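Residue numbers (the numbering used here): 292 to 468.
What follows is a single structure, written as structure tokens, with notes after it.
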Amino acid sequence: LEPKEEFSHKTLAMDVMRPRRGDPPLSVLTRDGMTVEDVEGLIADTTYSGFPVVVSHESQRLMGFVLRRDLIISIENARKRQDGVVSSSRIFFAEYTPPQPASSPAPLKLRGIMDLSPFTVTDHTAMDIVVDIFRKLGLRQCLVTHNGRLLGIITKKDILKHMAQIANRDPDSILFN
Ligand code: ADP
292 LEPKEEFSHK
302 TLAMDVMRPR
312 RGDPPLSVLT
322 RDGMTVEDVE
332 GLIADTTYSG
342 FPVVVSHESQ
352 RLMGFVLRRD
362 LIISIENARK
372 RQDGVVSSSR
382 IFFAEYTPPQ
392 PASSPAPLKL
402 RGIMDLSPFT
412 VTDHTAMDIV
422 VDIFRKLGLR
432 QCLVTHNGRL
442 LGIITKKDIL
452 KHMAQIANRD
462 PDSILFN
């Protein structure tokens with residue numbers, strides 16, 4: 292069996308993406324359902340470089356992608372400089388921020404730091420195509436969807452690890468050098 296063939300025809304985005312079966316679910320942000328405290332918790336509990344933003348946990352419809360460092364900087368700045376932004380402030384990635392009841396703390400609008408069109412492939416996309424896209428577009432990560440629902444993420448490192456596994460299986464494989 293040609294290792295090259297195996298990679299081009301058999302390995303799909305779903306085989307490389309995270310989370311794997313048994314892993315905790317993808318860490319996502321929701322469009323308008325989280326508070327500053329919720330997001331700070333997510334940042335503290337994870338080390339991921341970024342988070343997909345979805346419309347809601349139920350829909351898992353992808354809206355964008357936010358880098359961890361931009362999230363940290365924006366929240367820090369807002370806490371320091373933006374009047375009324377506190378732990379219970381709601382974070383909005385939506386274009387439209389509904390009027391807040393007078394009693395609730397100032398909202399924090401973070402649409403500006405969201406990548407509105409993160410690169411996505413479907414779970415059935417062949418990995419040789421994904422690798423090609425990563426190389427040509429210089430991607431760091433790419434999101435995986437199925438029927439419009441967010442399923443997972445593939446980072447450059449995930450691909451490199453996957454390639455290394457394949458190379459170990461067959462040292463003659465030179466496809467990825
Ligand atoms: P890298 O792969 O360069 O270490 P990350 O730290 O972002 O980059 O990701 C570490 C691992 O976690 C990777 O296997 C990646 O697929 C996965 N991952 C990345 N972002 C998330 C996320 N928001 N939720 C769950 N898993 C993620």
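For glycine and all other residues, C-beta sits at the position ideal for the given N, C-alpha and C.
Predicted model, so just to flag it, every value in this text is computed and none were measured.
Please state whether DSSP places residue i in a helix, a strand or coil.
| i | result |
| --- | --- |
| Leu451 | helix |
| Val249 | Outside the shown range of the chain, which is 292 to 468, sits residue 249, and nothing can be said about it. |
| Val345 | strand |
| Met418 | helix |
| Met305 | helix |
| Leu333 | helix |
| Phe425 | helix |
| Arg352 | strand |
| Ile465 | Only weak support exists for where Ile465 lies, its pLDDT of 47 falling under 50; the coordinates are left without a value. |
| Arg460 | helix |
| Glu296 | Annotation note: pLDDT 48 at Glu296 (below 50); position unreliable, coordinate value reported separately. Glu296 falls in the helix class under three-state DSSP. |
| Thr338 | coil |
Have a look at the options and flag the residue whose alpha-carbon is nearest the alpha-carbon of residue i.
| i | options | result |
| --- | --- | --- |
| Ser365 | Glu331, Pro396 and Met354 | Glu331 |
| Val319 | Lys447, Val345, Thr326 and Arg309 | Val345 |
| Phe342 | Thr388, Lys371, His453 and Ile404 | Ile404 |
| Pro409 | Pro396, Ile420, Arg426 and Val435 | Val435 |
| Ala304 | His348, Asp336 and Leu441 | Leu441 |
| Arg381 | Thr326, Lys301 and Ile334 | Thr326 |
| Asn438 | Asp306, His415 and Arg402 | His415 |
| Arg376 | Leu407, Val412 and Leu401 | Before going further, note that residue 376 is Val rather than Arg in the sequence given. Val376 has its Cα closest to that of Leu401, out of Leu407, Val412 and Leu401. |
| Arg426 | Leu333, Thr446 and Arg309 | Thr446 |
| Leu358 | Met308, Arg431 and Pro398 | Arg431 |
| Pro476 | Gln456, Asp323 and Arg311 | This structure gives no information on residue 476, because the portion of the chain shown stretches from 292 to 468. |
What first and last residue would you give for the beta strand (DSSP E) that runs through residue i?
| i | result |
| --- | --- |
| Arg381 | Arg381 to Phe383 |
| Leu434 | Gln432 to His437 |
Would you mind reading off the limits of the alpha helix (DSSP H) that contains residue i?
| i | result |
| --- | --- |
| Ile445 | No alpha helix (DSSP H) contains Ile445, which is instead part of the beta strand (DSSP E) from Arg440 to Thr446. |
| Leu362 | Arg359 to Arg372 |
I'd like to know if residue i contacts chain B, where contact means its C-beta is closer than 8 Å to some C-beta of that chain.
| i | result |
| --- | --- |
| Ser379 | Here there is only one protein chain, and chain B is not present. |
Whose beta carbon lies closer than 5 Å to any heavy atom of the ligand ADP, going through the chain in order? For the ligand ADP, the residues with a Cβ under 5 Å from any of its heavy atoms are, in chain order, Arg309, Leu317, Ser318, Tyr339, Ser340, Phe342, Ile444, Thr446, Lys448 and Asp449.
List in chain order: all unbroken beta strand (DSSP E) runs of 3+ residues lying wholly within the segment 389-415. The segment 389-415 contains these whole beta strand (DSSP E) runs: 411-413.
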